[in-house]
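Input: a single structure, listed below in structure tokens.
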Amino acid sequence: MARAHSTRFAAAVLVVFVAVTAWADQPPKLAGPDGGLPDRLAIQQRITYWLDALAGDEDIRKITEARRRLISDYLHFDDPQFRYDYASLTATSVLKMFGQLNDGELRQVRELNAAIAVARMDQVSVQPALEQMIVHRNPAVRLWGWRGFAAIRQLSLAQGEGPANALFEALRQRSKAEPSGLVCGVIFDVMALPPVAPETVPEDVWAAASKTFLQILSASWSRCTTHVSEGRLPWIDAAGRALPTLKLLARPHSDEPDAVKEPLQLIVNLMYAAFRAYDRSEPGDDVNSTTSALLLACESALRSFTGITDSAIKAALTKRGNTAEQKRDQAGLAVAAWVKLLKDYEVKKPDIKLVDNGDETPADAAPEPAPDDD
Numbered sequence: 493m494a495r496a497h498s499t500r501f502a503a504a505v506l507v508v509f510v511a512v513t514a515w516a517d518q519p520p521k522l523a524g525p526d527g528g529l530p531d532r533l534a535i536q537q538r539i540t541y542w543l544d545a546l547a548g549d550e551d552i553r554k555i556t557e558a559r560r561r562l563i564s565d566y567l568h569f570d571d572p573q574f575r576y577d578y579a580s581l582t583a584t585s586v587l588k589m590f591g592q593l594n595d596g597e598l599r600q601v602r603e604l605n606a607a608i609a610v611a612r613m614d615q616v617s618v619q620p621a622l623e624q625m626i627v628h629r630n631p632a633v634r635l636w637g638w639r640g641f642a643a644i645r646q647l648s649l650a651q652g653e654g655p656a657n658a659l660f661e662a663l664r665q666r667s668k669a670e671p672s673g674l675v676c677g678v679i680f681d682v683m684a685l686p687p688v689a690p691e692t693v694p695e696d697v698w699a700a701a702s703k704t705f706l707q708i709l710s711a712s713w714s715r716c717t718t719h720v721s722e723g724r725l726p727w728i729d730a731a732g733r734a735l736p737t738l739k740l741l742a743r744p745h746s747d748e749p750d751a752v753k754e755p756l757q758l759i760v761n762l763m764y765a766a767f768r769a770y771d772r773s774e775p776g777d778d779v780n781s782t783t784s785a786l787l788l789a790c791e792s793a794l795r796s797f798t799g800i801t802d803s804a805i806k807a808a809l810t811k812r813g814n815t816a817e818q819k820r821d822q823a824g825l826a827v828a829a830w831v832k833l834l835k836d837y838e839v840k841k842p843d844i845k846l847v848d849n850g851d852e853t854p855a856d857a858a859p860e861p862a863p864d865d866d
């Protein structure tokens with residue numbers, strides 16, 4: 493009888509222990525004392541719980557789940573102030589976490605998941621964190637920092653000079669210094685400003701931003717074309733993303749005198765760089781196929797800007813029965829012919845050799861160090 497009582501008591505203690513442990517493992521409630529919106533303290537406690545899991549758990553699935561819960565918490569209440577506060581506190585906490593992580597095997601996984609969480613919170617309150625993320629040593633963090641900027645671009649412009657100028661300066665500096673072609677492609681996406689201003693941004697502010705973005709894009713173009721001419725795949729992809737951005741930014745100003753001259757020169761420079769890489773490639777390899785697509789995109793952009801109907805590059809690259817050598821020869825002639833077609837726009841022949849005759853190198857800029865995502 494005593495043994496039975498002792499067994500029941502031990503079982504009861506075990507149940508209580510398990511219950512207490514399970515309760516301790518639950519995240520703090522995301523609610524105020526009255527069951528309504530939580531205050532900043534409650535929000536911070538909830539964020540800390542998920543970031544502790546993200547920073548300390550050794551299971552990648554649980555790290556990923558912590559990131560998902562941060563984002564779902566942010567979306568839980570459709571209240572502007574709650575979301576602003578949740579995003580702001582998350583961003584501040586993530587920056588602190590970055591500085592405290594150990595150099596373990598999962599460090600980059602933790603950094604990436606934290607960066608995704610911040611980037612998915614489309615509030616201007618995360619902008620200071622994004623400014624730190626885009627200079628992070630981890631290229632995945634930098635990439636998500638720019639995706640975050642793309643999400644809040646309109647908000648930054650609507651907030652006035654402070655956030656807008658910070659965005660401009662970040663773009664100006666990093667478009668010239670970012671070593672990763674993959675990341676630069678996202679930087680070009682951030683500058684893809686539609687021609688029509690939304691209701692939340694004054695038209696003059698939107699137009700000024702468009703011109704500033706065009707200046708920044710133009711300043712980074714030569715560096716990009718150099719990498720393209722060398723056949724670097726991430727940069728070929730980045731150039732393919734820069735082209736539609738250029739079309740968006742230049743189109744609103746096409747009625748101004750000589751406004752279209754510079755964009756046309758940039759496109760021709762890129763076209764020459766793309767053909768140089770195409771000429772060096774082997775039929776069927778990735779450089780061959782991607783530069784072929786880029787050449788077609790350049791010709792399409794030139795036609796769109798000018799109304800000229802010539803499509804000799806397309807004919808050369810897509811004509812049925814053309815051998816690889818015929819494609820190269822005909823496409824090279826077609827690329828060179830575009831400079832003559834654009835003489836009324838004062839477009840000049842780029843200082844890039846179309847055909848490799850020996851030890852020539854692209855002359856529009858010194859080669860950059862190999863990007864870290866090659």
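In the numbering used here, the protein residues as written are 493 to 866. Don't be surprised by glycine CBs; every beta carbon is placed ideally from N, CA and C.
Residue i - DSSP class collapsed to helix/strand/coil
i, result
"residue 763", "helix"
"residue 689", "coil"
"residue 605", "helix"
"residue 514", "In this predicted model, residue 514 has a pLDDT of only 34, less than 50, meaning its place in the structure is not dependable enough to derive any value."
"residue 758", "helix"
"residue 801", "coil"
"residue 526", "coil"
"residue 724", "coil"
"residue 903", "Since the displayed the chain opens at 493 and closes at 866, residue 903 lies outside it and no answer follows."
"residue 449", "The structure shown has nothing for residue 449, since the chain only spans 493 to 866."
Boundaries (first-last residue) of the alpha helix (DSSP H) holding residue i
i, result
"residue 576", "572 to 592"
"residue 566", "552 to 568"
"residue 806", "804 to 810"
"residue 796", "778 to 798"
"residue 621", "619 to 625"
"residue 817", "816 to 833"
"residue 541", "532 to 548"
"residue 707", "695 to 721"
Burial state of residue i, where buried means 16 or more other Cβ atoms lie within 10 Å
i, result
"residue 597", "exposed"
"residue 673", "buried"
"residue 565", "buried"
"residue 755", "buried"
"residue 629", "exposed"
"residue 677", "buried"
"residue 646", "buried"
"residue 493", "Summary for residue 493: the model assigns pLDDT 49, below 50, so the residue's position carries little reliability, and this model does not support an answer."
Of the residues the options, the one placed nearest residue i, counting alpha carbons only
i, options, result
"residue 801", "820, 523, 776 and 830", "830"
"residue 587", "570, 572, 524 and 627", "627"
"residue 643", "663, 651 and 611", "611"
"residue 842", "788, 721, 570 and 518", "721"
"residue 574", "669, 639, 625 and 522", "522"
"residue 660", "697, 635 and 807", "697"
"residue 711", "607, 729 and 758", "758"
"residue 765", "750, 790, 602 and 751", "790"
"residue 655", "615, 730, 684 and 733", "615"
Q | Sufficient close CB pairs (3 or more, under 8 Å) joining the segment 687 to 697 to the segment 720 to 736 | A | Because the criterion of three Cβ pairs below 8 Å is not met, the segment 687 to 697 and the segment 720 to 736 do not touch.
(Q) Within 8 Å, do at least three Cβ pairs link the segment 736 to 745 to the segment 700 to 715? (A) Under the Cβ criterion (8 Å, minimum of three pairs), the segment 700 to 715 counts as touching the segment 736 to 745.
Q. Can you find at least 3 beta carbon pairs, one from the segment 814 to 826 and one from the segment 769 to 779, that sit closer than 8 Å?
A. With the cut-off at 8 Å, the segment 814 to 826 and the segment 769 to 779 touch.
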